[in-house]
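Okay, so the sequence shown: first residue is 1 according to the UniProt record's numbering, each after it adds one.
Heads up, the beta-carbon is just placed ideally off N, CA and C, and yes, glycines get one too.
One structure is given here, and the rest of the page talks about it.
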Amino acid sequence: MNMSEQNTPSAAGARIATDSAGGAETSAPYGATAPRRRTRIHHLREYKRRGEAWAMLTSYDTYTARIFDQAGIPVLLVGDSAANTVYGYESSLPITVDELLPLVRAVAGAAEHSLVVADLPFGSYQASPEQALHTAVMFMKAGAHAVKLEGGRRYASHVEALVSAGIPVMGHLGFTPQSEHGLGGYRVQGRGDQVENLLADARALQDVGAFAVVLEMVSSDAAKRVTGELEIPTVGIGAGPECDAQVLVWTDMAGLNTGQTPRFVKRYAEVGNELARAASEFASDVRNGEFPTSEHSFD
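Here it is as structure tokens:
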């Protein structure tokens with residue numbers, strides 16, 4: 001194994017999976033090569049301890065979940081961003097539990113190795129810890145391995161209730177899309193005197209058992225400080241390079257979204273253009289009688 005392989009989360013996960021000490025999962029018997037195991041929340045903490053960055057992508061369907069899982073993405077997020085990418089809403093606010101649950105089932109059913117995190121949508125947890133627990137249980141029954149919710153100290157009791165019930169929780173701080181109207185729109189957070197509040201919120205989530213926290217559209221300096229002071233991993237999206245992990249909405253990352261994307265997005269492919277080319281070629285073949293041919297027909 002070369003050094004680059006040793007520094008990948010999938011390789012790190014394999015090392016953890018084959019170590020029978022400390023409660024880690026054991027290897028295959030009789031010296032067989034250990035299969036790649038499911039990413040667990042304690043693996044993510046191990047990555048942070050060793051300084052190994054890892055990636056998270058959103059996924060909303062069986063095919064992308066399978067592809068990303070096979071590509072070695074340790075964590076998949078069934079995000080409330082499905083409001084925009086799947087249902088065509090203008091924001092994440094309208095999406096409901098009933099609309100997200102089928103997407104969670106699809107992703108969880110296809111991902112053999114990735115940790116699947118489900119977003120709790122707006123209005124499904126804010127009222128009380130009891131409401132949060134009721135909603136989270138539905139997502140766990142749909143196949144999720146963890147849930148994510150937005151907010152800091154105000155929702156510490158909600159997170160504590162879920163963790164006490166055995167439900168892993170990922171927090172979300174900085175720009176929280178479900179609160180966009182209260183925040184005055186899409187604005188960078190964690191600047192000036194906001195840093196101390198951000199840090200206090202992050203510590204509160206850690207103290208009640210959150211296993212990680214997303215930092216969205218947070219100044220790089222603030223994200224670096226929070227990351228350095230927390231024992232749990234930080235997951236950045238528009239929060240600079242110092243976070244322990246990075247997440248992107250897959251349709252932005254792969255260029256399926258052909259419109260304007262945020263500054264923090266890097267496009268790794270142009271899937272939208274390629275899909276448009278394929279659809280146009282298909283339509284042309286049908287018009288010109290070039291599809292289907294005998295090759296695509298039955299006797």
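Residues that DSSP places opposite residue i in a beta bridge
i: H172; result: V214
i: W54; result: A245
i: I237; result: E216
i: residue 300; result: No statement about residue 300 is possible, as the shown extent of the chain runs from 1 to 299 and does not include it.
CB-CB length for residue i against residue j, believed under 8 Å
i: G236; j: D201; result: Rounded, the Cβ-Cβ distance is 16 Å, inconsistent with contact.
i: I167; j: A118; result: Not confirmed; about 10 Å, so no contact.
i: D69; j: E99; result: Wrong, their Cβ atoms sit about 23 Å apart, outside the cutoff.
i: L120; j: W250; result: That pair is no contact at about 20 Å.
i: V104; j: A142; result: 4 Å
Continuous beta strand (DSSP E) stretch holding residue i: start and end
i: A146; result: 146-148
i: L115; result: 115-119
Exposure label - residue i; buried when at least 16 CB within 10 Å
i: E150; result: buried
i: residue 320; result: As displayed, the chain neither begins before 1 nor continues past 299, which places residue 320 out of reach and without an answer.
i: P241; result: exposed
i: G259; result: exposed
i: R40; result: buried
i: G289; result: exposed
i: D252; result: buried
i: F298; result: exposed
i: H172; result: buried
i: S92; result: buried
i: Y30; result: Here the model assigns Y30 a pLDDT of 49, short of 50, so the residue's position is not dependable and the matter cannot be decided.
i: D244; result: buried
i: E46; result: buried
i: H296; result: exposed
i: S280; result: exposed
i: P262; result: exposed
i: T293; result: exposed
i: E274; result: exposed
i: S157; result: exposed
Endpoints, alpha helix (DSSP H) assigned at residue i
i: V86; result: No alpha helix (DSSP H) holds V86; DSSP gives it neither H nor E.
i: E196; result: 194-207
i: D285; result: 271-287
i: Q70; result: 62-70
i: G152; result: Element bounds for G152: n/a, residue is neither H nor E.
i: E99; result: 97-110
i: P94; result: Where P94 is concerned, there is no enclosing alpha helix (DSSP H), given that its DSSP letter is neither H nor E.
i: T251; result: 250-253
i: A132; result: 129-141
Can we say the stretch 259-279 touches the stretch 77-94, given the rule of at least three CB pairs closer than 8 Å?
Fewer than three pairs of CB atoms, one per stretch, sit closer than 8 Å, so the stretch 259-279 makes no contact with the stretch 77-94.
Could you tell me whether the stretch 57-73 touches the stretch 223-237, using the rule of 3 or more Cβ pairs below 8 Å?
No: the two stretches stay apart, fewer than three of their Cβ pairs being nearer than 8 Å.
Would you be able to state if there are at least three C-beta pairs under 8 Å between the stretch 217-226 and the stretch 52-60?
Taking one beta carbon from each stretch, the stretch 52-60 and the stretch 217-226 have fewer than 3 pairs nearer than 8 Å; the two do not touch.
Do the stretch 123-136 and the stretch 153-161 touch if we need at least three Cβ pairs shorter than 8 Å?
A contact between stretches requires three or more CB pairs, one per stretch, nearer than 8 Å, and the stretch 123-136 meets this requirement with the stretch 153-161.
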